[in-house]
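K.L.:
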Amino acid sequence: MPLIQTPFDFHSTADQVLSGVNLAGKRAIVTGASSGIGVETARALARAGAHVTLAVRNVEAGERVAAEIAAAVEGANVATHRLDLAEMTSVQAFCDGWSKPLHILVNNAGIMANPGLERTGRGWEGQFATNYLGHFALTLGLKDAMAEAAGARVVCVSSSGHLLSPVIFDDPHFRFLRYDPLTAYGQSKTACVLMAVEIARRWGNTCGIQANALNPGAIPTGLQRHVGGLRTPEERRKTIAQGASTSVLLAASPLLADVGGRYFEDCNEAAVVSERPDDYTGVAAYALDAENALRLWEMSLSLLSR
33 MPLIQTPFDF HSTADQVLSG VNLAGKRAIV TGASSGIGVE TARALARAGA
83 HVTLAVRNVE AGERVAAEIA AAVEGANVAT HRLDLAEMTS VQAFCDGWSK
133 PLHILVNNAG IMANPGLERT GRGWEGQFAT NYLGHFALTL GLKDAMAEAA
183 GARVVCVSSS GHLLSPVIFD DPHFRFLRYD PLTAYGQSKT ACVLMAVEIA
233 RRWGNTCGIQ ANALNPGAIP TGLQRHVGGL RTPEERRKTI AQGASTSVLL
283 AASPLLADVG GRYFEDCNEA AVVSERPDDY TGVAAYALDA ENALRLWEMS
333 LSLLSR
């Protein structure tokens, strides 16, 4: 199957990708939209006419962003709601409070390379819980709302960091393995890709819900604070506007209607790689593996039920 190519590339911005796209009447949720590319993703979707909900842990910061978007985008319709992805009671409350059709869910929030092993109240490793399990529970909780929208899209923000580790099925929470910050980050981002693969398989035909994953690229944000800042060569770095471009492409571009279960970078589908390249491009075969996707889904359901 040929890789999907679009007119956009590394240099494209979110506004360029959504130029001419009308999202009036559509509802979107962007997690982690109080900083980084989440802000730009929300702003670009609002500029295209979507009603955007900023799902954020820090409501005060989210409200500042909502006000900034409203000031910058004429007629913007932006709301803020609290969501702590590491706490399942918060995720459940958010889902219980959502009552309208949902057209776009951008699972954007994330943390990176916690220097020490941190666990949630359920004993889950913090990065796996925040980057993946919280989004998994959120997506499940909003399934009916997305099915009602007919043609909804789920965007799973992964990273080139997924090339650092597959999901460690026998010990995802580092109860036996020595904790390594980047390995933990890598497996959480692999899990995000596998979630998109399984959503597309389960819900694409039955519910009209498609999902894809992406690597936004190297963007200097607070995400890298635990690893000494961004180390990517200057020529491979993106602005925040460029970093949000692939997210909004998957969220709303008509070019990807009915496309699901794939991984994109620089606004195009990435090639599958069998070993980690020096430039950290491409998608690992283990991240698109259907058996891995099913195994992770079933493991996640089991974890949430305990």
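Final position of the sequence shown in the working numbering is 338; the numbers increase by one with none missing.
Glycine residues also receive a C-beta, built at the ideal position from the N, C-alpha and C atoms.
Please read these numbers as outputs of a predicted model, since none were measured by experiment.
Is the distance from the Cβ of Asn140 to the Cβ of Ser332 below 8 angstroms?
P.N.:
As a working mapping, residue 140 is identified with position 108 in the sequence shown. As a working mapping, residue 332 is identified with position 300 in the sequence shown. In this structure, Ser332 does not lie closer than 8 angstroms to Asn140 by Cβ.
K.L.:
Mind checking Asn237: buried by the 16 CB within 10 Å criterion, or exposed?
P.N.:
By one-based count along the sequence shown, residue 237 stands at place 205. Asn237 comes out exposed.
K.L.:
Please name the residue, chosen from Ile251, Ala243 and Ala118, that lies closest to Tyr295 on a Cα-to-Cα basis.
P.N.:
The sequence position of residue 295 within the sequence shown is 263, counting from 1. Selected option, being the one with the closest Cα: Ala243.
K.L.:
What is the DSSP secondary structure of Arg75, reduced to helix, strand or coil?
P.N.:
In the sequence shown, the residue the question calls residue 75 occupies position 43. Of the three classes helix, strand and coil, the one that applies to Arg75 here is helix, per DSSP.
K.L.:
Does the count of Cβ pairs from the stretch 92-107 and the stretch 127-142 closer than 8 angstroms reach three?
P.N.:
no
K.L.:
Please name the residue, chosen from Val71, Ala325, Gly68 and Ile36, that lies closest to Phe201 on a Cα-to-Cα basis.
P.N.:
In the sequence shown, the residue the question calls residue 201 occupies position 169. The candidate whose alpha carbon is nearest that of Phe201 is Ala325.
K.L.:
Does Tyr312 come out as helix, strand or coil in the three-state DSSP assignment?
P.N.:
On the sequence shown, position 280 is the one that residue 312 refers to. Here Tyr312 sits in coil by DSSP.
K.L.:
Going by beta carbon distance, what residues of the same chain come within less than 6 angstroms of Gly94, once the five residues before and after it are set aside?
P.N.:
For the purposes of this step, residue 94 is identified with residue 62 of the sequence shown, where counting begins at 1. Only Ser66, Leu86, Val88 and Thr112 meet the Cβ criterion.
K.L.:
Give, in chain order, every unbroken run of the beta strand (DSSP E) that is at least 3 residues long and sits entirely within the stretch 99-123.
P.N.:
109-114
K.L.:
Under 7 angstroms Cβ to Cβ from Asp321, same chain only, skipping five residues before and after it: list those, please.
P.N.:
Position 289 of the sequence shown, counting from 1, holds the residue named residue 321. Nothing meets the Cβ criterion.
K.L.:
Spatial neighbours of Arg114 within its chain, please: C-beta separation below 6 angstroms, excluding the five flanking residues on both sides.
P.N.:
The residue you call residue 114 lines up with position 82 of the sequence shown. Cβ neighbours of Arg114 beyond the five flanking positions: Val91.
K.L.:
So the alpha helix (DSSP H) Cys224 belongs to, where does it begin and stop?
P.N.:
Position 192 of the sequence shown, counted from the first residue, corresponds to residue 224. Counting along the chain, the unbroken alpha helix (DSSP H) around Cys224 starts and ends at Pro213 to Trp235.
K.L.:
Tell me which residue opens and which closes the beta strand (DSSP E) that Tyr295 is part of.
P.N.:
Translated into positions along the sequence shown, residue 295 becomes position 263. Segment Tyr295 to Glu297, the beta strand (DSSP E) holding Tyr295.
K.L.:
Taking 8 angstroms as the threshold, find out whether the stretch 218-226 comes into contact with the stretch 162-181 through three or more Cβ pairs.
P.N.:
Segments in contact, yes.
K.L.:
Let me check understanding here. Comparing Cα to Cα, which of Ile136, Phe160, His205 and Leu281 lies closest to Asp47?
P.N.:
As a first step, residue 47 must be located in the sequence shown, where it is residue number 15. Ranking Ile136, Phe160, His205 and Leu281 by Cα distance to Asp47 puts Leu281 first.
K.L.:
Can you check DSSP and say which residues form a bridge with Cys188?
P.N.:
To locate residue 188, count along the sequence shown from 1; it is residue 156. Its beta-bridge partners are Asn139 and Ala245.
K.L.:
Looking at the secondary structure, which residues open and close the beta strand (DSSP E) in which Thr171 lies?
P.N.:
Numbered from its first residue, the sequence shown carries residue 171 at position 139. No beta strand (DSSP E) contains Thr171, which is instead part of the alpha helix (DSSP H) from Gly166 to Gly173.
K.L.:
In terms of alpha-carbon separation, which member of Ile136, Ser131, Asn247 and Thr45 lies closest to Leu55?
P.N.:
Residue numbering aside, residue 55 sits at position 23 when the sequence shown is read from its first letter. With distances taken between Cα atoms, Leu55 lies closest to Ile136.
K.L.:
Going by C-alpha to C-alpha distance, which of Glu157, Ser306 and Arg151 sits closest to Leu196?
P.N.:
The residue labelled residue 196 in the question sits at position 164 within the sequence shown. Looking at the Cα atoms, Ser306 is the closest of the given residues.
K.L.:
Do you know offhand how far Val155's Cα is from Pro204's?
P.N.:
Residue mapping note: residue 155 aligns to position 123 of the sequence shown, counting from 1. Residue mapping note: residue 204 aligns to position 172 of the sequence shown, counting from 1. Reading off the sequence, residue 155 comes out as Gly, not Val. Each residue's Cα considered, the two are about 11 angstroms apart.
K.L.:
I need the straight-line Cα distance from Tyr312 to Ala302, nearest angstrom please.
P.N.:
On the sequence shown, position 280 is the one that residue 312 refers to. On the sequence shown, position 270 is the one that residue 302 refers to. Spanning the two alpha carbons is a distance of roughly 11 angstroms.
K.L.:
Which residues does DSSP pair with Val88 in a beta bridge?
P.N.:
Translated into positions along the sequence shown, residue 88 becomes position 56. The partner list for Val88 (beta bridge, DSSP) reads Arg114.
K.L.:
Does Ile251 come out as helix, strand or coil in the three-state DSSP assignment?
P.N.:
Stepping through the sequence shown from its first residue, residue 251 is reached at position 219. Here DSSP, grouped into helix, strand and coil, assigns Ile251 to coil.
K.L.:
Decide if His43 is buried, meaning its Cβ has at least 16 other Cβ atoms within 10 Å, or exposed.
P.N.:
Reading the sequence shown from its first residue, position 11 is the one you call residue 43. That one is exposed.
K.L.:
For His205, does the three-state DSSP call read helix, strand or coil?
P.N.:
In the sequence shown, residue 205 corresponds to position 173, counting from 1. Coil, per DSSP.
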